[in-house]
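Written out below as structure tokens is the structure these notes cover.
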Amino acid sequence: MLQRLAASRSKWRDTIINTRRWLHSGDSQAAQSYTARKNSWFSPTILVLGFIPVFTFALGTWQMQRLQWKVALIDELQEKLHREPIFLPKRVNLSVVPEFVYRRVLLRGRWDHKHSMLLGPRVREGSHGYHVVTPLIRSDGSTVLVDRGFVAKEFADADTFERGETGEIVVLGMLRTSHTRNSFTPDNKPTEGTWYWADVDAMADYAGGEAKNVQPVFVEQIYEGSSQDATLRLSKGIPLGRAASVDVRNAHLSYVITWFSLSAFTTAMLVRLVLKRRAQNHHRPLPRQ
Numbered sequence: 003m004l005q006r007l008a009a010s011r012s013k014w015r016d017t018i019i020n021t022r023r024w025l026h027s028g029d030s031q032a033a034q035s036y037t038a039r040k041n042s043w044f045s046p047t048i049l050v051l052g053f054i055p056v057f058t059f060a061l062g063t064w065q066m067q068r069l070q071w072k073v074a075l076i077d078e079l080q081e082k083l084h085r086e087p088i089f090l091p092k093r094v095n096l097s098v099v100p101e102f103v104y105r106r107v108l109l110r111g112r113w114d115h116k117h118s119m120l121l122g123p124r125v126r127e128g129s130h131g132y133h134v135v136t137p138l139i140r141s142d143g144s145t146v147l148v149d150r151g152f153v154a155k156e157f158a159d160a161d162t163f164e165r166g167e168t169g170e171i172v173v174l175g176m177l178r179t180s181h182t183r184n185s186f187t188p189d190n191k192p193t194e195g196t197w198y199w200a201d202v203d204a205m206a207d208y209a210g211g212e213a214k215n216v217q218p219v220f221v222e223q224i225y226e227g228s229s230q231d232a233t234l235r236l237s238k239g240i241p242l243g244r245a246a247s248v249d250v251r252n253a254h255l256s257y258v259i260t261w262f263s264l265s266a267f268t269t270a271m272l273v274r275l276v277l278k279r280r281a282q283n284h285h286r287p288l289p290r291q
């Protein structure tokens, strides 16, 4: 009887000891789990937010390089524009035309009005109309294309283009290349006399092509008269040429400011979020032992 009682007490003692060990082991695991959670301030949100400042900073750097390139290009074109005008040679080497873009040139010849083309629609100071492109038959026998300038829509009639400029004339203009066509610009329809963008090769073919010694060379006529005379020309439907200026678009500075501002803003958000997460984990109460 005493032996059975002793054995029973020993069994209960072992059970209590094992229960205490199990509870202690559970507390230790909970503490370890809490400790791991305490240091887990990193999350997918922080990963994404950490990528954005790097990406936007890279874009800002790229736009800064583009800005420097564009400023250098505009300076180069301005320097070309202010050089003394030169007479365009009889045969133009088309491969070097891009090197002479915005260079002022002189042309002597007479207009081929029957092959005039209306390029547009275009807008000038709120008035809708077209640019008149007319082949100029030069004194040496070759022909080039000249954008003579703007006429209002109500004067889109070939008869008005001949006023004031008959016989042999001298034209001052800037050498240009074909316009860049965007995805929204419709196709030209030469057979219908519809030209939405300056496709120099197609225009040269329309004016007679190689058979008529028409070169695919495009010149924009420069107007250097007074504003009163410009108003008079427009009122009579006489094409008004462009000003001698470089019209290359340069919006890279605004892009630089935008991307660097986004980079700074998202960096501040990232730092604030990390500090907040770490503070929350630091002040979280420890589990009971």
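Offset between the sequence shown (1-based) and our numbering: plus 2.
Beta carbons are placed, not taken as given, at the ideal position from N, Cα and C, and that holds for glycine.
- T196 carries a strand assignment under DSSP once its states are collapsed to helix, strand and coil.
- In this chain, the beta strand (DSSP E) harbouring T136 covers S129 to R140.
- Using a C-beta cut-off of 8 Å, the stretch 148-162 makes no contact with the stretch 201-208, since fewer than three inter-stretch Cβ pairs fall below that distance.
- Restricting attention to L96, S97, Y104 and G227, the CA atom closest to the CA of I88 is found in Y104.
- Taking 4 residues as the minimum length, the alpha helix (DSSP H) runs contained wholly in the stretch 42-86 are 46-83, in order along the chain.
- For W71, the number of other beta carbons within 10 angstroms of its own is below 16, and it is reported as exposed.
- With fewer than 16 other Cβ atoms from the protein chains shown falling within 10 Å of its own Cβ, Q282 counts as exposed.
- Contact between S144 and R93 holds, with the beta-carbon distance rounding to 7 Å and staying under 8 Å.
- The three-state secondary structure of L255, taken from DSSP, is helix.
- P218 sits in a strand when the DSSP states are folded into three classes.
- In this structure, DSSP gives T168 a state outside helix and strand, which the three-state scheme calls coil.
- With contact defined as three or more Cβ pairs closer than 8 Å, the stretch 108-122 and the stretch 132-142 are in contact.
- In this structure R85 touches R106 by the C-beta definition: roughly 7 Å separates them, less than 8 Å.
- Looking only at D142, L242 and Q67, the smallest Cα-Cα distance to G131 is reached by L242.
- Distance check between D201 and each of N190, E194 and T63 places N190 closest, using alpha-carbon atoms only.
- A distance below 8 Å between beta-carbons, with the five flanking residues on each side excluded, links I48 to the following residues of its chain, in chain order: L272, L275, V276 and R279.
- Secondary structure note for D231: it is in no beta strand (DSSP E), and the uninterrupted alpha helix (DSSP H) holding it is S229 to K238.
- For A206, the enclosing alpha helix (DSSP H) starts and ends at V202 to Y208.
- Non-local beta-carbon contacts of W197 in its own chain, meaning distances under 6 Å to residues more than five positions away in sequence, involve M119, L121 and N190 in chain order.
- Comparing alpha carbon positions, the residue from I171, R68, T179 and N184 closest to D203 is T179.
- DSSP places L147 in the strand class (E or B) of the three-state scheme.
- With fewer than 16 other beta carbons inside 10 angstroms of its own, E212 counts as exposed.
- Distance from the CA of S247 to the CA of L255, rounded to the nearest whole angstrom, comes to 21 Å.
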